[in-house]
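Peer 1: Could you have a look at this structure, given as structure tokens, before my questions?
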Amino acid sequence: MSGDTAPPQVVEDFMGVLKLLSDGSVVRGDESVLLSAGPFPDLPGVQWKDVVYDATRGLKVRVYRPSSSLAITGEGATKLPVLVYFHGGGYCIGAPDKPMFHSCCQRFAAELPAVVLSVQYRLAPEHRLPAAIDDGATFLSWLSGQAALGSNAEPWLAESADFSRTFMSGVSSGANLAHHVVVQVSSGQIVPNPVHISGCVLISAFFGSVERVATESDPPVGVTLTVEMSDRFWRMALPLGATRDHPLANPFGPDSPNLEPLALPPVLVVASELDVLRGHVLRYAARLKEMGKDVELAEFKGQNHSFSIRECGQASEELTRILRQFVHQVK
């Protein structure tokens, strides 16, 4: 008799784009099925390049700055605020070089204006949480080191970045990641000096809980992210055996850290009407307000979960306007 074992079975299949097998191996397909490849032409007037921030893991940050910054920066001149941006994708897919995220960051760099830093992080299920959170912390430590170098920092940062006005931001899972990094800073687990975290921007944040919120129990018509998709992302991203009440999914779960005593920076929370996660996003904003935190809530009617990274339109223009106002009014 042959001693051959049965081939591994598919445990999770995310629309053919990502398959998790019973032996722990992962098969990845074409992400453009979920993350549109465009066309998203490069925006005139914005420069960008990739810089390694973690050589051990081969992780990079994509740096954006408006070309006009070359004319307005220099000795004694005003530099630009820094927007750290974590991409979305349920912690399982996505990357800074995906056209949707690339285009979004170009728009922010040009129209805020700002130095935008789009951060690569390790993906699940190959690297389950807290790997991505750890990468976010590693990046912030790298950024702190760059700020400390002054004129000897990475040239674009030395020339254009005002590290005293640094904002943590992200979309979907990237917003979740930004939240956790800011909590680590506010609790003293990360000391980013001389970088100062002036604010946090959470766009369509990817939060969860075992108990369903209303927008999950009765999803609005026209959603692009379904409850089933969200649940599958959590199953592949969270530590094995964890539920959606894990602290990395539910910021108000039974084992989650108490946010009330933390000196959190001002937070801009963005919620879209046609999003199954809307209930989680609204609860997040409401709970922080109850704790006396500085929270601004921006709601977008008729928009779905991924509206911020779609082609330019009225909603994305309004988001950019709100973000610009938030960045430039926060001190």
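Each residue of the sequence shown is one higher than the one before, counting from 1279 in this note's numbering.
Even glycine gets a Cβ: it sits at the ideal position worked out from N, Cα and C.
(1) Could you name the residues that DSSP lists as bridge partners for residue 1364?
(2) Determine, using beta-carbon pairs with one atom in the region 1458 to 1473 and one in the region 1370 to 1385, whether at least three such pairs fall under 8 angstroms.
(3) Around the Cβ of residue 1430, are there at least 16 other Cβ atoms within 10 angstroms (buried) or fewer (exposed)?
(4) Residue 1485 by DSSP, collapsed to three states: which one?
(5) Residue 1522 lies in the beta strand (DSSP E); which residues open and close that run?
(6) Okay, do the region 1533 to 1544 and the region 1569 to 1587 touch, 3+ Cβ pairs below 8 angstroms being the bar?
(7) Within 10 angstroms of its Cβ, does residue 1293 collect 16 or more other Cβ (buried), or is it exposed?
(8) For the alpha helix (DSSP H) that contains residue 1566, what are its first and last residues?
(9) To the nearest angstrom, how far is the alpha carbon of residue 1541 from that of residue 1288?
(10) Between the alpha carbons of residue 1602 and residue 1448, how many angstroms are there, rounded?
(11) What three-state label does DSSP hand residue 1584 in the structure shown?
(12) Might you give, ordered along the chain, the residues of its own chain that have their beta carbon closer than 6 angstroms to the beta carbon of residue 1548, omitting 5 neighbours on each side?
(13) Going by CA-CA distance only, name the one from 1457, 1461, 1451 and 1421 that's closest to residue 1442.
(14) Go ahead and pull the three-state DSSP assignment for residue 1294.
(15) Just checking my contact of residue 1365 with residue 1396 at CB under 8 angstroms: how many whole Å lie between their CB atoms?
(16) Spatial neighbours of residue 1351 within its chain, please: CB distance less than 8 angstroms, with the 5 preceding and 5 following residues excluded, ordered by chain position.
(17) How is residue 1453 classed by DSSP in three states: helix, strand or coil?
(18) Tell me whether residue 1466 sits in a helix, a strand or coil according to DSSP, three-state version.
(19) Where residue 1491 and residue 1428 are concerned, what is the direct C-alpha to C-alpha distance, given to the nearest angstrom?
(20) Looking only at its chain, what residues have a beta carbon closer than 7 angstroms to the beta carbon of residue 1512, apart from the 5 residues adjacent to it on each side?
(21) Considering just the uninterrupted stretch of the beta strand (DSSP E) at residue 1549, what are its terminal residues?
(22) Taking the alpha helix (DSSP H) that residue 1433 belongs to, which residues open and close that run?
(23) Counting only the same chain and skipping the five closest in sequence on each side, list residues whose C-beta sits under 8 angstroms from that of residue 1264.
Peer 2: Reading from the atomic positions:
(1) 1397 and 1448
(2) no
(3) exposed
(4) coil
(5) Residue 1522 -> no beta strand (DSSP E), and no H or E assigned at all.
(6) yes
(7) exposed
(8) 1556 to 1568
(9) 45 angstroms
(10) 15 angstroms
(11) coil
(12) 1481 and 1576
(13) 1421
(14) coil
(15) 7 angstroms
(16) Summary for residue 1351: the model assigns pLDDT 46, below 50, so the residue's position carries little reliability; its value from the coordinates is reported in the next sentence. Contacts found: 1357, 1358, 1437 and 1438.
(17) helix
(18) coil
(19) 47 angstroms
(20) 1486, 1522 and 1527
(21) 1545 to 1552
(22) 1433 to 1438
(23) As shown, the chain starts at 1279 and ends at 1609. That puts residue 1264 outside it, with no answer to give.
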